[in-house]
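Novice: Sharing a structure here in structure tokens format.
Residue numbers (the working numbering): 6 to 378.
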């Protein structure tokens, strides 16, 4: 049986074997409650704090400013849910846009930035949106778009936000491990998720400036310095530690992934695809394309039957019948219905991509991909 060709790394990544091993070991020997003062608790707490320090090194922060959460969604909510006013755009992940909609429903000011066809946020638009809003306003922008891979001008936006006396929250879930920490260094808070960098699901973090510690959303115990109630899972933390260390080591190799992506994307364009996000800087592992006249969800299903895993939007919105709101905001609903996202990872090979092209040709009824190997 032919193995699965996994090209949906923006949805989640396969956990590192070393992370799985570390988690299994902690589950056996350090399974205590990190808040307990006895030996079992101390062993678990050591695991959690070592993970906190490793993540802090990766993202360029102090370990004291790392709040462990259940993932990127909770981290975004923790940063934004109490904002007195918000500036964001339709390009953001649902864990940001849904919070914005909730704030609007509660009567708090929310300003939506205009969306360009390229999917790039114009810094000047941020400055204009902040006019007349209170200084505690939060601007929320993703460092890297989860559907297109477009890299947003976070450093330039950070300067404008700081000059206005506002605050900047960066959804760095798709950026950590792929971009250097300088890219989000100007943020007041930023979100991270372990499963996007070959760690386990169910654990993430909100990282904040020392003076920007958020008020807790979850009330209960005094875990995470009173900023997030609930027992931190030492098993998941162990996997996060391994993933963070791996991400720091593997970042230079991402140019090789970009070479594969560029060749694969050129082959897609040669088959009539239109690139969504073209004209903006993009990370080198993502291609979001639309095939005219081909429903994206149907193409995803056809490729799945042929052993190729891709997606037609955010994994957090999968199962809906609506097209991607991100792509619709950029290029319209019709083209959004045709959109498919392909995202590569460090284990993706040229041979897999050649097989994926052959499968695509079968799905589309087009020519053989043999000559594109």
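Yeah, the Cβ is synthetic: ideal placement off N, Cα and C, and Gly gets one too.
In angstroms, rounded to a whole number, what distance separates the CA positions of residue 252 and residue 11?
Specialist: 19 angstroms
Novice: Just checking residue 115 against the ligand SAM - is the residue's beta carbon closer than 7 angstroms to any of the ligand's heavy atoms?
Specialist: Absent from the structure shown: the ligand SAM. Ligands present: none.
Novice: Can you find the residues in the same chain that come closer than 6 angstroms, C-beta to C-beta, to residue 195, ignoring five residues on each side of it along the sequence?
Specialist: Result list for residue 195: 175, 177, 189, 212, in chain order.
Novice: On the DSSP letters alone, give me the boundaries of the beta strand (DSSP E) that residue 71 sits inside.
Specialist: 71 to 74
Novice: Please classify residue 34 as buried or exposed, where buried requires at least 16 other C-beta atoms within 10 Å of its C-beta.
Specialist: Exposed: under 16 other Cβ atoms inside 10 Å.
Novice: Under the rule that 16 or more other beta-carbon atoms within 10 Å means buried, what is residue 67, buried or exposed?
Specialist: exposed
Novice: Using three-state DSSP, classify residue 296 as helix, strand or coil.
Specialist: coil
Novice: With DSSP collapsed to three states, give me the class of residue 102.
Specialist: helix
Novice: So within the stretch 181 to 262, which uninterrupted alpha helix (DSSP H) runs reach at least 4 residues, ignoring any that extend past its ends?
Specialist: Taking only runs of at least 4 residues, the alpha helix (DSSP H) segments lying wholly in the stretch 181 to 262 are 239 to 255.
Novice: From the DSSP output, which residues share a beta bridge with residue 117?
Specialist: DSSP, once it has assigned bridges, lists 93 as partnering residue 117.
Novice: Going by the beta-carbon positions, is the gap between residue 130 and residue 179 smaller than 8 angstroms?
Specialist: no
Novice: Between which two residues does the alpha helix (DSSP H) harbouring residue 26 extend?
Specialist: 22 to 34
Novice: Output the distance between the C-alpha atoms of residue 39 and residue 197, rounded to the nearest integer angstrom.
Specialist: Inter-residue distance for residue 39 and residue 197 is about 21 angstroms (C-alpha atoms, whole angstroms).
Novice: Please state the DSSP three-state secondary structure of residue 314.
Specialist: Reduced to three states, the DSSP call for residue 314 is strand.
Novice: Alpha carbon to alpha carbon, how far is residue 261 from residue 14?
Specialist: 16 angstroms
Novice: Would you check if the stretch 76 to 94 and the stretch 41 to 57 touch, i.e. whether three or more CB-CB distances between them fall below 8 angstroms?
Specialist: no
Novice: Going by Cα to Cα distance, which pick from 215, 259, 237, 218 is closest to residue 225?
Specialist: 237
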